[in-house]
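So the structure is just underneath, and the comments pick up after that.
In the numbering used here, the protein residues as written are 0 to 227.
Encoded structure:
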């Protein structure tokens, strides 16, 4: 895949930020191409076609889709072609577990997270009844449901609406566990249980992530010196 990335980078097409190339995001065999125009995107897809021929690969056009973000996101445009087939334009797409939607600006949706949260919590709640302890259910929720809510929040900025939706998931779960629905009571209960707002949890997670980015290169450098 490094060969394909290099070809796309040298082509001059694709998104750039402060001179750095961000037109091709790759994790294993999951590829996302980013471009500022439809024509540039088609030229990048042509490079992918040539790469597939040279290296005897085949892109799955059934699972490959296109999406527009910007002021003209809902305008019908010319189709994009990959491996001789037209790519379907979609209103949302999933990349590495994050759902991005077509809008005037970069925007994510958490509807799938809400569904998974309630499904997992209801399963935990039904199975933890035998323990006859609300604290046990809360700790299980923290262990299995909170990571789902906080997934990828280090890198993706959620809207205030999305954060409220996720906060409401926790509140409804606590209401089911303790039978408390008053907002002031829920706030005090979350403080006692160590369940701050989702906004605070995201900020802590993001801060830890940035700290690790700073510390990790220093640790690698120290290790290299130690090896020398």
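The beta carbon of each residue, even a glycine, is placed where N, CA and C say it ideally should be.
| For residue 47 versus residue 86, is the C-beta distance shorter than 8 Å? | As a working note, residue 47 is residue 48 in the chain shown. As a working note, residue 86 is residue 87 in the chain shown. Going by C-beta atoms, residue 47 is not nearer than 8 Å to residue 86.
| Selected residue, minimal CA-CA separation from residue 124, among 157, 44 and 174 | What you label residue 124 is simply residue 125 of the chain shown in a count that begins at 1. Of the candidates 157, 44 and 174, the residue whose Cα lies closest to the Cα of residue 124 is 174.
| field | Where the beta strand (DSSP E) through residue 91 begins and ends | value | Taking the chain shown and counting its residues from 1, one reaches residue 91 at position 92. Run containing residue 91: 91–94, per the beta strand (DSSP E) assignment.
| task | Give the DSSP-derived three-state secondary structure of residue 31 in the structure shown. | result | As a position in the chain shown, residue 31 is number 32, starting the count at 1. In the structure shown, the three-state DSSP call for residue 31 is strand.
| task | Evaluate contact between the segment 101–115 and the segment 159–173, counting only Cβ atoms and requiring at least three cross-stretch pairs below 8 Å. | result | Touching, per the Cβ criterion.
| task | Identify, in the order they occur along the chain, each residue of the same chain with its Cβ nearer than 6 Å to the Cβ of residue 83, setting aside the five sequence neighbours on each side. | result | Here residue 83 is taken as the residue at index 84 of the chain shown, counted from 1. Take residue 83, set aside five residues on each side of it, and no residue of its chain has a beta-carbon closer than 6 Å to its own.
| field | Whole-angstrom distance between residue 156 and residue 227, CA atom to CA atom | value | Taking the chain shown and counting its residues from 1, one reaches residue 227 at position 228. Taking the chain shown and counting its residues from 1, one reaches residue 156 at position 157. Bear in mind that a pLDDT of 47 at residue 227, under 50, signals an unreliable position, so the number given afterwards is only what the model happens to contain. In this structure, the straight-line span from the alpha carbon of residue 227 to that of residue 156 is close to 41 Å.
| field | Inter-residue Cα distance where the pair is residue 135 and residue 148 | value | Walking along the chain shown from the start, residue 135 turns up at place 136. Walking along the chain shown from the start, residue 148 turns up at place 149. So the two alpha carbons sit approximately 19 Å from each other.
| query | At which residues does the alpha helix (DSSP H) containing residue 21 begin and terminate? | reply | As a first step, residue 21 must be located in the chain shown, where it is residue number 22. Looking at the DSSP string, residue 21 is not in any alpha helix (DSSP H), and its letter there is neither H nor E.
| Any idea if residue 13 is buried or exposed, counting beta-carbon neighbours within 10 angstroms, 16 or more meaning buried? | The residue given as residue 13 occupies position 14 in the chain shown. In this structure residue 13 is buried. Its beta-carbon is surrounded by 16 or more other beta-carbon atoms within 10 angstroms.
| message | Please identify the residue among 24, 76 and 75 whose C-alpha is closest to the C-alpha of residue 4. | response | Working through the chain shown from its first residue, we reach residue 4 at position 5. Checking every option, the nearest Cα to that of residue 4 belongs to 24.
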